[in-house]
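Just below is one structure, and these are the notes that go with it.
Chains as they are written, first to last, in our numbering: chain Y, 1 to 304; chain W, 1001 to 1554.
Here's what the structure looks like:
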């Protein structure tokens, strides 16, 4: 087990290194530079700017400098937001994205499992069909369609909720719902599928034959094995929801990390883009690592 | 297979979605934000709101609030509240005394003396002195400051040399004669100087705090300004909050207590937040929503002429447009500007036949074909096109470059189709992301026809005339005309204001003859303003100081 643990940990390091190297080169290959603006800079000022951000050095030296600073936890100053460091920007943006993602996942698991179970227990009934049809809508309607519709209805027409910005918890309701909807749908389908399968297995039949109440069967015997596929889906889904709320952050004007990332890419804010890539890269690698370790612990075959 | 199944799934959902759309729009009816239960301004119509908080949609997040390094309209909007220059503007855009109460000009127009008000204070209570301005000006042109905009100060003695790093900042022609008298020496008479002195590059900065905090001085808790407001919070990508500066010399007359600037790049999001009463003023308006806005929010629509030209440029350093003024004229004449301005843009833009927007006291140059009918212009265009050696069988093939945006696309498509229809030109449209576009346009290696826009930095025709000067690095047409350059240079050093105006008009006339650019329309500023926001007047620079505004009861 320890050998597996160390092995996985060591193999994560080159992955991260390649990621950083690729991102470092790709952002610099993109045409247009961070200091290109409508108004052109006098050559002297541009030279000074390039020197101040070390862009005048050869690429390998820039990379070395970046890695050295990174090792000390310094992401460097932002090119675009000149008074902020990238660490500060990630520090202000990530909690928002994390909050959004975590709330959306909690919502998704609760309602997804609920809807999926109801549909499975009443398989091929009207309830089942309507739940699954709704789930289909949830999966199919993209965020950028759902979000404006929800804003129009709940913020503009009914005025129950704010349309955008982040001033309090009420601002989070619509974006969280938008993020959660497709996940609820997906989890509902997963739960239903696996629960139907488990329902057909002999031990459930045995439980029924023993005269156990349906509630007892559901909570003691049915739910746990039915949720296995959902749990394995949760790892990547959580990472995807946290890192993938870009569109939602844009539409709701939320100060999340996704919005910084998109603006950073458009502005050719090299350090900000690099910072977010490294941060999210580490996060996703860590997530996968944890999942792998849990799997290995659950299933000895993986360790071989 | 997967893609197909996704398509099918979505296609099956379209009716459902459609019904959803219908119900959500149908339930809405007229926007209820303009039919509030309480009449705006109370019973008298002039009652102030108890909560004097203004919430403004403000485009993109400013790069910095350091006035000397900032650039762009969103930053300028905030800096006008945080700092005060020697001059400011009245609500209708007239240049009025700011920190300077009056000023004198020397005989030759090359020396300005400014007399500063003695009651001006920094937001920590320190007096604002002439030395602060000297420090500010010097810092602005110092190449170490990394200012993007310092070249705007080049009329000031030695500024250009300091920016180039040839002379030290102390050599700048800005001197404090005493605590409250400031002298600015200029290379050439610059009649627009007072108008320039409310630009952020000329703002004073608080010396002690700049020296103490270095590049961090413009952060909340550190920024010390001399404007009507002071920085209270800056949550990146969320909001910038300003509160009243109790030390401001005119604070007794200020009414609004708090102002929020929200960075909102997405105009649809902005419109929704405005409709949900979360914003009092929007930074812009989404073009596709204009018809809906005109129908439902017409009274809140604030559209007025803006000091900007929307144009297309020819790269005159390469064929086919090199040394081919007739061909350039043909392309310009074939564009029906009324249709572009009224039907394609449609916010009230003014069709442009010349380069310089309408500016008070400036006589715009008018090409002879301006009062022709469009069919006359088309006929002449066809004649010139044929004369240049092109025809239906041998059409001109060109590439039109624009930066990615729905509005630029619509206008480029309209123009390309006019060219195609009237002359048979094969125009290929190419759009590039902003930063890529800037680089391509600047290099002038592949461009043929490119989109551009120019917003004047100060309310003077010279701000436009100098752009096409051969020495200007923004002259992306690569246009070189000794005649044009001479006229612009002469205008720059002319002391007689009438003659100066005539020279600038003559220069514009030359430009319109040579046609290195195609003016299409003059910009308008577009905002939505809630009926309870008062004190706001349209002005050509679209500059609005929060201290002039107030909020009625609503």
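Where is the CB? At the ideal position from N, CA and C, for every residue including glycine.
Are any of the Cβ atoms in chain W nearer than 8 Å to that of residue i?
i: residue 251/Y; result: yes
i: residue 197/Y; result: no
i: residue 13/Y; result: no
i: residue 84/Y; result: yes
i: residue 183/Y; result: no
Could you say which of the options lies nearest to residue i if we only look at CA atoms?
i: residue 197/Y; options: 68/Y, 225/Y and 106/Y; result: 225/Y
i: residue 1097/W; options: 1249/W, 1441/W and 1208/W; result: 1249/W
i: residue 1548/W; options: 1053/W, 1057/W, 1090/W and 1083/W; result: 1090/W
i: residue 1428/W; options: 1187/W, 1396/W, 1494/W and 1075/W; result: 1396/W
i: residue 182/Y; options: 74/Y, 148/Y, 107/Y and 168/Y; result: 107/Y
i: residue 88/Y; options: 260/Y, 241/Y, 132/Y and 206/Y; result: 260/Y
i: residue 1171/W; options: 1436/W, 1140/W and 1195/W; result: 1140/W
i: residue 166/Y; options: 1511/W, 1260/W and 1064/W; result: 1260/W
i: residue 1542/W; options: 1515/W, 1320/W, 1306/W and 1360/W; result: 1306/W
i: residue 1557/W; options: 1175/W, 1340/W and 1177/W; result: Nothing can be reported for residue 1557/W: it is not among the residues displayed for chain W, which extend from 1001 to 1554.
i: residue 1527/W; options: 1066/W, 1118/W and 1298/W; result: 1298/W
i: residue 1524/W; options: 1072/W, 1347/W and 1145/W; result: 1347/W
i: residue 12/Y; options: 154/Y, 290/Y, 201/Y and 269/Y; result: 290/Y
Go ahead and pull the three-state DSSP assignment for residue i.
i: residue 1108/W; result: coil
i: residue 291/Y; result: helix
i: residue 1355/W; result: coil
i: residue 1527/W; result: strand
i: residue 1510/W; result: helix
i: residue 1292/W; result: helix
i: residue 1203/W; result: coil
i: residue 1011/W; result: Residue confidence is low: residue 1011/W scores 39 on pLDDT, short of 50, so the model does not pin down where it sits. No coordinate-derived value is stated.
i: residue 1178/W; result: strand
i: residue 1534/W; result: strand
i: residue 232/Y; result: helix
i: residue 183/Y; result: helix
At 9 Å on the CB atoms, spell out the chain W contacts of residue i, in chain order.
i: residue 92/Y; result: 1235, 1236, 1237 and 1238
i: residue 99/Y; result: By Cβ distance, chain W contributes nothing, its closest Cβ being about 13 Å from residue 99/Y, past 9 Å.
i: residue 270/Y; result: Here the premise fails: no neighbours, minimum Cβ distance about 12 Å.
i: residue 260/Y; result: 1236 and 1237
With burial defined as no fewer than 16 other Cβ atoms inside 10 Å of the residue's Cβ, what is the status of residue i: buried or exposed?
i: residue 1267/W; result: buried
i: residue 59/Y; result: exposed
i: residue 1498/W; result: exposed
i: residue 178/Y; result: buried
i: residue 306/Y; result: The question about residue 306/Y has no answer here: the residues shown for chain Y are numbered 1 through 304.
i: residue 1568/W; result: Since the first residue of chain W shown is 1001 and the last is 1554, residue 1568/W is not available in this structure.
i: residue 1026/W; result: Its pLDDT being 37, under 50, residue 1026/W is placed unreliably by the model, and the measurement read from it follows with that caveat. By the 10 Å Cβ count, residue 1026/W comes out exposed.
i: residue 125/Y; result: exposed
i: residue 1468/W; result: buried
i: residue 1554/W; result: buried
i: residue 1435/W; result: buried
i: residue 169/Y; result: exposed
i: residue 119/Y; result: buried
i: residue 14/Y; result: exposed
i: residue 129/Y; result: exposed
i: residue 1081/W; result: buried
i: residue 1224/W; result: buried
Can you find a CB in chain Y that lies within less than 8 Å of the CB of residue i?
i: residue 1037/W; result: Residue confidence for residue 1037/W is low, a pLDDT of 49 falling below 50, so the modelled location carries little weight and cannot support an answer.
i: residue 1138/W; result: no
i: residue 1024/W; result: Here the model assigns residue 1024/W a pLDDT of 40, short of 50, so the residue's position is not dependable and the matter cannot be decided.
i: residue 1443/W; result: no
i: residue 1374/W; result: no
i: residue 1272/W; result: yes
i: residue 1543/W; result: no
Chain Y partners of residue i, CB-CB under 9 Å?
i: residue 1268/W; result: 148 and 251
Which chain Y residues sit within Cβ distance under 7 Å of residue i?
i: residue 1324/W; result: Those do not exist, as residue 1324/W stays about 26 Å from chain Y at its closest Cβ, beyond 7 Å.
i: residue 1216/W; result: 83
Any heavy atom of the ligand FMN closer than 7 Å to the CB of residue i?
i: residue 242/Y; result: You won't find the ligand FMN in this model; it holds no ligand whatsoever.
Starting from residue i, find everything on chain W with Cβ-Cβ shorter than 7 Å and list it in chain order.
i: residue 52/Y; result: 1146
Can you list the residues of chain Y that residue i reaches, using a CB-CB cut of under 8 Å?
i: residue 1149/W; result: 39
i: residue 1294/W; result: Result: empty, since nearest Cβ-Cβ is about 18 Å, beyond 8 Å.
i: residue 1474/W; result: 39 and 40
i: residue 1439/W; result: 31, 32, 33 and 36
i: residue 1161/W; result: Correct list: empty, because the minimum Cβ distance to chain Y is about 10 Å.
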